[in-house]
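First comes the structure, then the notes that go with it.
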Amino acid sequence: MSKDPRDVTPEASEKRMIEELQKIYDPEIPVDIYNLGLIYDVKCEKDPETRLNRCKVVMTLTSATCSMSEILVDLVRTIPSRVEDHSIEEVDVELVFDPPWDQSKMSDEAKLQLGLL
1020 MSKDPRDVTP EASEKRMIEE LQKIYDPEIP VDIYNLGLIY DVKCEKDPET RLNRCKVVMT
1080 LTSATCSMSE ILVDLVRTIP SRVEDHSIEE VDVELVFDPP WDQSKMSDEA KLQLGLL
């Protein structure tokens, strides 16, 4: 018997959101966007009226002129369609360029994978 998605906590939705973000890879760099440091913030909440699980993601790109920007943002926005348990039902993406991305935002795992450690 599956859990009612309305019973999922915001913390569980945030954890699931991060798991899903780690499945999205920058096509030009063989590292997922979360460990690459493109995700600045993930906050999930339950809508008080509808009880829908909504998440807001603040993210950036490696460059403001990134040719893959629309694709990456769309992949984040469409996470709910790929989450079968409905722990995430809506995603709002805020794309920012301040502060600008740099290599210091990468996880150690990503730096190691790219030979930077």
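For the sequence shown, my numbering assigns the number 1020 to the initial residue and increments by one for each residue that follows.
Ideal Cβ positions, reconstructed from N, Cα and C, are used throughout, including at glycine.
So, under 8 Å CB-CB, residue i and residue j are touching, yes? Tell me the CB distance rounded to an integer number of Å.
| i | j | result |
| --- | --- | --- |
| Thr1079 | Leu1133 | At roughly 18 Å, the Cβ-Cβ gap does not stay under 8 Å, so Thr1079 and Leu1133 are not in contact. |
| Asp1051 | Tyr1059 | Going by Cβ atoms, the distance from Asp1051 to Tyr1059 rounds to 15 Å, so no, they are not a contact pair. |
Sort the options by Cα distance to residue i and report the nearest one.
| i | options | result |
| --- | --- | --- |
| Asp1066 | Pro1029, Asp1104, Gln1122 | Pro1029 |
| His1105 | Val1092, Cys1074, Lys1042, Thr1081 | Cys1074 |
| Arg1070 | Ala1083, Ser1032, Glu1128, Leu1136 | Ser1032 |
| Gly1056 | Glu1068, Asp1026, Glu1064, Ser1082 | Ser1082 |
| Glu1064 | Ala1129, Pro1049, Asp1127, Met1036 | Met1036 |
| Met1125 | Met1087, Ser1100, Pro1049 | Pro1049 |
Work out the CA separation of residue j and residue i for me, nearest whole Å.
| i | j | result |
| --- | --- | --- |
| Val1061 | Glu1047 | 23 Å |
| Cys1085 | Gln1122 | 16 Å |
| Leu1040 | Tyr1053 | 6 Å |
| Val1092 | Val1077 | 10 Å |
| Glu1109 | Glu1089 | 18 Å |
| Glu1038 | Glu1128 | 15 Å |
| Met1158 | Ser1100 | Nothing about residue 1158 can be read from this structure; the chain reaches only from 1020 to 1136. |
Counting only beta-carbon separations shorter than 8 Å, does residue i have a partner in chain C?
| i | result |
| --- | --- |
| Glu1113 | Given the protein chain composition of this structure (a single chain), no chain C is represented. |
Locate the alpha helix (DSSP H) running through residue i, then write down its first and last residues.
| i | result |
| --- | --- |
| Asp1127 | 1127 to 1132 |
Checklist line | Validate contact between the region 1092 to 1106 and the region 1117 to 1130 using beta carbons, cut 8 Å, 3 pairs | finding: no
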